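Numbering (the working numbering), first residue to last: 145 to 442.
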Ligand SMILES: C[S@@+](CC[C@H](N)C(=O)[O-])C[C@H]1O[C@@H](n2cnc3c(N)ncnc32)[C@H](O)[C@@H]1O
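Here it is, written out as C-alpha cells:
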C-alpha cells in the first residue's frame, strides 16, 4: 500500500510553488508532497528532502529523479536543518514543510515494531543507528511512574497507570522484546469493554512510545526556530501535526513570532481534512495544518 499524502491540495495552494524556487521537505518520506512541489518548481528549482529513516530515502531516490529540478535527498534528523542549509550553500528558501504523520512504509515494512498489528522486535527508532534507546529498553528499564507518565503525556491513554503496572509485573517474569508481548500486556490491563472499541487498545500507547523514543516533540521545538532563520522574507512554513501536543507547540511558536513581528499567521485556525479525504484515508482524520509567512524586515 502506498502512502497517501495528507492535505496535499492545501499544501500546494499555500506554498504556490513557482519555477526556480527552493523548498525543503523536512520529512520527505515517500515523497507524496515533494513530488507535487518538484513538478511546479521545475525548471531551475531545488527540492531538498530530509528523512531520518535511511530505508525510506533509498526507496525514494529512484522515484524523484527530475531532469529539470534539482533534488537533494539527505538522511538526517531535521534538527540538523540549519547546518545542512549552510553546507549546501542554500539561501532564499521559499518554503519548508513538516509532515509529522506516520509513513506507510515505516508502519508496514520497517520491521522495527511501529505497528501493533505485526509481530516484530520493539525498536521504534526512525534511525536504528542513532544512539537513542529502543522502545524495548524503555519498557524494561523505566520505572512504573515514568512509564505511566510517558503513556499519559504522549498517548493521552486513560489506563496508563494500569498498563505501566502491567509492564513492570510482566518484565519481572520475562524481558519485553516484541510487539506481540506488549500488545498482550496492554490487553490484559485494559477493562474488557474497551477491547471491543473501534480504536485498538494499543493505538495510543504505541504512539506514546514512538514519540518518546524518537524525542519527537523536542525535535520539533529545536527545529522551528531554525526553519524561521532559514526562510527568506516572504517564505512560508507549513506544519501538519497529528498530536495535540505537537499542534500546541506550533501554535505557540507562531503566536510568539507574530508578536515579535517575525511571522504572519496564514491559518488563524488549523486547516483540517475534509470528510472526503478522511473517507479515502482514515489516518488523516486527526491532521491539523498550520502555516505562517516570514515577515520582510526593513
Ligand atoms: C508522514 S511521513 C512523511 C510523508 C510524506 N510527506 C509523503 O507524503 O510521502 C513522515 C516521515 O518523517 C520522518 N521523520 C520523523 N522524524 C523525523 C526527523 N526528526 N527528521 C527527519 N525525518 C523524520 C519519518 O521517517 C517519515 O518518513
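We treat Cβ as the ideally placed atom computed from N, Cα and C, and that holds for glycine. The structure displayed is predicted, hence computed values, not measured ones.
Who pairs with residue i in a beta bridge, going by DSSP?
i           : result
residue 416 : 432
residue 243 : 384
residue 459 : Residue 459 lies beyond the residue range present for the chain, which begins at 145 and ends at 442; the question has no answer from this structure.
residue 215 : 191
residue 404 : Looking at the DSSP assignment, residue 404 forms no beta bridge with any residue, so it has no partner.
residue 409 : 436
residue 375 : 237
Rounded to a whole number of angstroms, what is the C-alpha to C-alpha distance between residue i and residue j?
i           : j           : result
residue 187 : residue 428 : 32 angstroms
residue 261 : residue 288 : 25 angstroms
residue 385 : residue 236 : 25 angstroms
residue 219 : residue 185 : 22 angstroms
residue 369 : residue 241 : 14 angstroms
residue 179 : residue 305 : 44 angstroms
residue 215 : residue 294 : 38 angstroms
residue 176 : residue 426 : 17 angstroms
residue 345 : residue 402 : 40 angstroms
residue 116 : residue 206 : With the chain running from 145 to 442 in the structure shown, residue 116 is simply not present.
residue 182 : residue 315 : 49 angstroms
residue 341 : residue 330 : 14 angstroms
residue 363 : residue 394 : 12 angstroms
residue 311 : residue 268 : 17 angstroms
residue 273 : residue 254 : 14 angstroms
residue 378 : residue 307 : 48 angstroms
residue 208 : residue 195 : 14 angstroms
residue 420 : residue 246 : 20 angstroms
residue 152 : residue 326 : 35 angstroms
residue 337 : residue 423 : 27 angstroms
residue 332 : residue 309 : 11 angstroms
residue 281 : residue 367 : 26 angstroms
residue 300 : residue 160 : 36 angstroms
Cβ of residue i within 8 angstroms of Cβ of residue j?
i           : j           : result
residue 356 : residue 334 : no
residue 204 : residue 155 : no
residue 238 : residue 166 : yes
residue 226 : residue 374 : yes
residue 174 : residue 150 : no
residue 398 : residue 434 : yes
residue 390 : residue 372 : no
residue 387 : residue 248 : no
residue 354 : residue 258 : yes
Could you check how far apart the C-beta atoms of residue i and residue j are, in whole angstroms? I think they sit under 8 angstroms.
i           : j           : result
residue 407 : residue 437 : 7 angstroms
residue 217 : residue 189 : The Cβ separation is near 15 angstroms, so there is no contact.
residue 266 : residue 279 : 4 angstroms
residue 322 : residue 263 : 6 angstroms
residue 197 : residue 250 : 6 angstroms
residue 411 : residue 431 : With a Cβ gap of about 13 angstroms, residue 411 and residue 431 do not count as contacting.
residue 320 : residue 358 : About 19 angstroms; that fails the 8 angstroms criterion.
residue 298 : residue 232 : Not really, about 33 angstroms apart at Cβ, beyond 8 angstroms.
residue 405 : residue 439 : 6 angstroms
Hey, does residue i have any beta-carbon neighbour from chain C nearer than 8 angstroms?
i           : result
residue 183 : Although the question refers to chain C, the structure presented lacks it and comprises just one protein chain.
**Prompt:** Taking the runs of the alpha helix (DSSP H) that are 4 residues or longer, which of them lie wholly in the stretch 260–308?
**Reply:** 279–285 and 288–299
**Request:** Jot down the residue ranges of each uninterrupted alpha helix (DSSP H) in the stretch 306–344, minimum 4 residues, whole runs only, in chain order.
**Result:** 323–332
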